[in-house]
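Sequence order for the protein chains is A and B.
Just so you know, we're using our numbering here: the first sequence kicks off at -2 and counts up by one.
Just so you know, we're using our numbering here: the second sequence kicks off at 348 and counts up by one.
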Amino acid sequence: MKNLSFLTVGVFFGIVMAKSEAVSWFRIHEMFRFESFHMYGIIGTAVVLGAASMWLMKKTKMTTLRGTLVGYNPMNLNIKRHLLAGTIFGLGWALVGCCPGPMYVLLGSGYTIMLLILAGATLGTFTYGLVIKYLPH
Amino acid sequence: MNLAVNASSLVQFISQPWHWAVSGAAIALVLALMTWMGRSFGVSTTFKAFCSAAGAGKVSDFFKMDVKEEFWRIAFVIGGLIGGYIATHFLQSPEPVAISPETVDYLATIGINYPEADAKGIGFVPTSLFNFESLSGILMAVGGGFLVGFGARYGDGCTSGHAISGLAHFQLPSLITVIGFFIGGLAMTHFIFPFLVG
């Protein structure tokens, strides 16, 4: 039943991602060429309004439906790791034109090629698990 | 009768491409809902859950986890898939994605036709590049997906986790990761991609 509510939020997320065109390879290419404000507008608005709502939830000490307080588990700061990981991700993001969320949305939109991209992403995740101890963390 | 007319014009209204501000606000609402429901807004951990479910815990402790704990996240992405289906089949935009004329002109110079030839009316993926018939397309799809999956796990999050949730919680590691997203994205778009399709 709880999972059904996450599924419902996911349906909304999928519609938003498709109607905002944020799932479009062309929009991502355009963003990295700085030829439109569209994607920056979406991400910027989401971050500003997201930050405001997170601030409000923390300020009012709102409890979540699981009875916890709103917070964020901070990661240890390791500039080398964040830059390296981000760069690897960015190379893939700009090539396939979609990050993990849109991969699922595009599969639902009928782009079966996403099965290959999702398989590649799962393989990449698996490979990370194999080489984890050789990487700076 | 009026109701029916209103419902159909409402569908028409929603079917237009959404303004960036509406879209951004809707994504912030997803973040707020997930937070209220006591979970984080992160998608890439589903890949880790798939590895774990397939038995990857036998070769690396990294994958030793209780997959049942991730069912909510898997439900969320299945919802995303259904949402993509609904948006494309019932709320389809009247025209393909309207990217800037500069991008259209540039893509033409590297042999990517936009919109008609590639877009199939919705313009989300250049299917002339990414399709099951071309070996280079298959390699780019698997290779690009690989980089996304590897980078997301190494960085402990993808766009939803870092660029949206992390930044909304003012996390410095997330900001540095997002800078990395752009270093990689700019290098791919401006230097590597033209070479790959050239």
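Every residue, glycine too, gets a C-beta built ideally from N, C-alpha and C.
These numbers were taken from a predicted model, which means no experiment stands behind them.
Review point. Do B:F529 and A:G41 come within 8 angstroms of each other at the CB atom, strictly closer than that value?
Key: No, they are not a contact pair.
Exercise for review: Would you please state the rounded distance, in angstroms, between the beta carbons of B:G427 and A:G105? I believe it to be under 8 angstroms.
Suggested key: Confirmed, about 7 angstroms.
Point to revise | Backbone secondary structure at A:L66 - three-state DSSP | key: Strand, per DSSP.
Exercise for review: Identify every residue that forms a DSSP beta bridge with A:T42.
Suggested key: DSSP output for A:T42 lists no bridge partner at all.
Practice item. Answer with buried or exposed for A:K56, where buried requires no fewer than 16 other C-beta atoms within 10 angstroms of its C-beta. Key: A:K56 should be labelled exposed.
Review point. Should B:D452 go down as buried or exposed, given a rule of 16 or more other Cβ atoms within 10 Å for buried?
Key: Exposed, because fewer than 16 other Cβ atoms sit within 10 Å of the Cβ of B:D452.
**Study point:** Segment contact flag, the segment 362 to 376 of chain B with the segment 523 to 540 of chain B, C-beta cutoff 8 angstroms, min 3 pairs
**Key:** Fewer than three pairs of CB atoms, one per stretch, sit closer than 8 angstroms, so the segment 362 to 376 of chain B makes no contact with the segment 523 to 540 of chain B.
Point to revise | Contact with chain B by A:T65, beta-carbon distance below 8 angstroms | key: True, the Cβ-Cβ gap to chain B drops below 8 angstroms.
Check your understanding: What separation, rounded to the nearest whole angstrom, lies between the Cα atoms of B:G468 and B:V406?
Key -> Model confidence at B:G468 stands at a pLDDT of 49, short of 50, so the residue's coordinates are unreliable; what they give is reported in the following sentence. The alpha-carbon atoms of B:G468 and B:V406 are separated by roughly 45 angstroms.
Point to revise | Rounded C-alpha distance that separates A:L103 from A:V20 | key: Their Cα atoms are separated by approximately 7 angstroms.
Exercise for review: With DSSP as the reference, label B:T474 as helix, strand or coil.
Suggested key: Residue state, collapsed to three classes: coil.
Check your understanding: Helix or strand or just coil, what does DSSP make of A:T124?
Key -> It is helical.
Check your understanding: Roughly how many angstroms separate the alpha carbons of B:S475 and A:T65, rounded to a whole number?
Key -> Rounded to whole angstroms, B:S475 to A:T65 spans 48 angstroms at the Cα level.
Review point. Hey, does A:T5 have any beta-carbon neighbour from chain B nearer than 8 angstroms?
Key: So yes, A:T5 belongs to the interface.
Point to revise | Helix, strand or coil at A:T109 [DSSP, three-state] | key: If DSSP states are grouped into helix, strand and coil, A:T109 belongs with coil.
Point to revise | Distance CB(B:V424)-CB(A:A118) smaller than 8 angstroms | key: Their beta carbons are not under 8 angstroms apart, which means B:V424 does not touch A:A118 by this criterion.
Practice item. Enumerate, from N- to C-terminal direction, the unbroken alpha helix (DSSP H) stretches of 4 or more residues contained entirely within the segment 356 to 387 of chain B. Key: With a minimum length of 4 residues, the continuous alpha helix (DSSP H) runs that stay inside the segment 356 to 387 of chain B are 367 to 383.
Point to revise | Assigned secondary structure, B:G468 (DSSP; H/G/I helix, E/B strand, else coil) | key: Reliability fails at B:G468, whose pLDDT of 49 lies under 50, so the model's placement of it is uncertain and the value that follows must be treated cautiously. Note: B:G468 maps to coil in three-state DSSP.
Check your understanding: Would you say B:M412 faces chain A, with C-beta separation under 8 angstroms as the test?
Key -> No, B:M412 lies away from the interface with chain A (no Cβ there is under 8 angstroms from its Cβ).
Review point. So what's A:T5 in DSSP terms, helix, strand or just coil?
Key: A:T5: helix per DSSP, three-state reduction.
Check your understanding: When you compare only the Cα positions, how much space is there between A:P71 and B:L514?
Key -> The straight-line gap from Cα to Cα measures roughly 12 angstroms.
Review point. Would you report the Cα separation of B:M384 and A:S2, rounded to the nearest angstrom?
Key: Each residue's Cα considered, the two are about 9 angstroms apart.
**Study point:** CB of B:G527 within 8 angstroms of CB of A:L80, strictly
**Key:** Yes. Within cutoff.
Practice item. Ignore the nearest five residues each way along the sequence and tell me which others in A:M100's own chain have a CB closer than 6 angstroms to its CB. Key: The residues are M111, I114 and L115.
Check your understanding: How big is the Cα-Cα spacing for B:I459 and B:V525?
Key -> Rounded to whole angstroms, the separation of the alpha carbons of B:V525 and B:I459 is 28 angstroms.
Review point. Does the segment 476 to 496 of chain B come close enough to the segment 7 to 19 of chain A to have 3 or more Cβ pairs within less than 8 angstroms?
Key: The count of Cβ pairs closer than 8 angstroms, one atom from the segment 476 to 496 of chain B and one from the segment 7 to 19 of chain A, stays below three, leaving the stretches out of contact.
Practice item. Compile a chain-ordered list of the residues in the segment 16 to 33 of chain A whose CB is closer than 7 angstroms to at least one CB of chain B. Key: Of all residues in the segment 16 to 33 of chain A, K16, S17, E18, A19, V20, S21, W22, F23, R24, H26, E27, F29, R30, E32 and S33 have a Cβ within less than 7 angstroms of some Cβ in chain B.
Exercise for review: Taking A:Y108 as the query, report the chain B residues whose CB atoms sit under 7 angstroms from its CB, ordered along the chain.
Suggested key: Near A:Y108 (Cβ distances below 7 angstroms), the residues of chain B are F471 and V472.
Review point. Would the beta-carbon of A:F29 fall within 8 angstroms of that of B:L533?
Key: Closer than 8 angstroms, so yes.
Exercise for review: Name, going along the chain, the residues of the segment 81 to 98 of chain A whose beta-carbon falls closer than 9 angstroms to a beta-carbon of chain B.
Suggested key: Residues passing the 9 angstroms Cβ filter: L81, A82, G83, T84, I85, F86, G87, L88, G89, W90, A91, L92, V93, G94, C95, C96, P97 and G98.
Point to revise | B:T536, DSSP secondary structure in three states | key: If DSSP states are grouped into helix, strand and coil, B:T536 belongs with the helices.
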